[in-house]
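Enquirer: Numbering (the working numbering), first residue to last: 41 to 277. All C-beta atoms in this analysis are idealised placements derived from N, C-alpha and C, irrespective of residue type, glycine included. Note that the structure is predicted; figures quoted are calculated from it, not measured.
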C-alpha cells in the first residue's frame, strides 16, 4: 500500500493567500469559506479555527493588501519605529513630495494587482493594525519636512481619499452597452457640447486603469496637485 503524502498544514496565511488568489481570478463575490476550502482541498469547517467567519476572512484580505503596500512602499525602512525622511520606495529621495508620492504610487501598484481591493479597503469597518504603520510613515515624513501635525492629519485624509476614491468606478463600464443608439448619442452630444467634445478628445489606456476614468496619467496628475497644494502649508504652525 503506497504511503500517503502528508498535506501541508492549514494556517491563517495559507487561507488568506488562497482567498486572495480567488478574489484576483474570480472577483470578491467568489470568496466564500466553502470556495476557499475547495482551493485548499479541505473541509470548510477546518477553516473556522483560523478565521471565525466570512467577515473575518475579508478583514484578513484587507490586512493582506496593507501588508503588500508596506512591502512595496516602506522597503528598507526601520519598521520598529517611524521611517526616516527619504526611506521607503525611493531611499535616495530627499523632497518629501517625492517620498510620499512614491509611496502613493506603490500603493496604487498593489491596487492594480488586486482590482477588488479599493472598495474592500475603503469599506472596512475595522482598521487593521498594520495600517497604522503606513500612517506613521506619512506623518513622520511630513513632520520632518516641516509640517504641523494638523496639516499631516489633513494630508492623511486627503491622500487616503484620493487613493481609495480615485480608484472606484466613476462611470459604470457596462453603461455604454445598454442599447443607446447612435442617434441618442448624437442628441446627447448636441445637448451637452462641452462634455461631447471632452469625451471625443480624451482617451484612456485601460492597461493601467482601475476604472473607465482612472488611468495612471490621471492618477499622477491628481497626486501632484494634492502634493503641491500641501507643500504651500509647510512651515505653518
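Here's a check: name, in chain order, each residue in its chain whose Cβ is nearer than 7 angstroms to the Cβ of residue 187, leaving out the five neighbours to either side.
Expert: Within the chain shown, residue 187 is the residue found at index 147, counting from 1. Hits under 7 angstroms: 273, 274.
Enquirer: Helix, strand or coil for residue 109? Go by DSSP, reduced to three states.
Expert: What you label residue 109 is simply residue 69 of the chain shown in a count that begins at 1. In this structure, residue 109 counts as helix in the three-state DSSP scheme.
Enquirer: Helix, strand or coil for residue 269? Go by DSSP, reduced to three states.
Expert: Working through the chain shown from its first residue, we reach residue 269 at position 229. Residue 269 falls in the helix class under three-state DSSP.
Enquirer: Contact defined as beta carbons within less than 8 angstroms: I believe residue 102 pairs with residue 160. What is the distance between those atoms, to the nearest angstrom?
Expert: Within the chain shown, residue 102 is the residue found at index 62, counting from 1. Within the chain shown, residue 160 is the residue found at index 120, counting from 1. 6 angstroms between Cβ atoms; contact.
Enquirer: Residues in its own chain within less than 8 angstroms of residue 100 by CB, not counting five upstream and five downstream?
Expert: As a first step, residue 100 must be located in the chain shown, where it is residue number 60. These residues qualify, in order along the chain: 52, 55, 56, 59, 91.
Enquirer: Checking 7 angstroms against the spacing of the C-beta atoms, do residue 112 and residue 141 come in under that value?
Expert: Within the chain shown, residue 112 is the residue found at index 72, counting from 1. Within the chain shown, residue 141 is the residue found at index 101, counting from 1. Against a cut-off of 7 angstroms, the Cβ pair of residue 141 and residue 112 comes out as no contact.
Enquirer: Please report the residue range of the alpha helix (DSSP H) in which residue 276 lies.
Expert: Locating residue 276 in the chain shown gives position 236, counting from the first residue. Careful: residue 276 lies outside any alpha helix (DSSP H) and carries neither H nor E.
Enquirer: Suppose you measure from the CA of residue 265 to the CA of residue 139; what does that come to, to the nearest Å?
Expert: As a first step, residue 265 must be located in the chain shown, where it is residue number 225. As a first step, residue 139 must be located in the chain shown, where it is residue number 99. Spanning the two alpha carbons is a distance of roughly 15 angstroms.
Enquirer: Where are the alpha helix (DSSP H) runs, 4 residues long or more, that stay fully inside the stretch 140-193, in chain order?
Expert: Listed in chain order, the complete alpha helix (DSSP H) runs (minimum 4 residues) inside the stretch 140-193 are 157-163, 171-184.
Enquirer: Could you say which of 184, 148, 185 lies nearest to residue 255 if we only look at CA atoms?
Expert: By 1-based counting over the chain shown, the position of residue 255 is 215. The candidate whose alpha carbon is nearest that of residue 255 is 148.
Enquirer: Going straight from the alpha carbon of residue 87 to that of residue 228, what length do you get?
Expert: Here residue 87 corresponds to residue number 47 of the chain shown, with the count starting at 1. Here residue 228 corresponds to residue number 188 of the chain shown, with the count starting at 1. Answer to the nearest angstrom: the Cα atoms are 53 angstroms apart.
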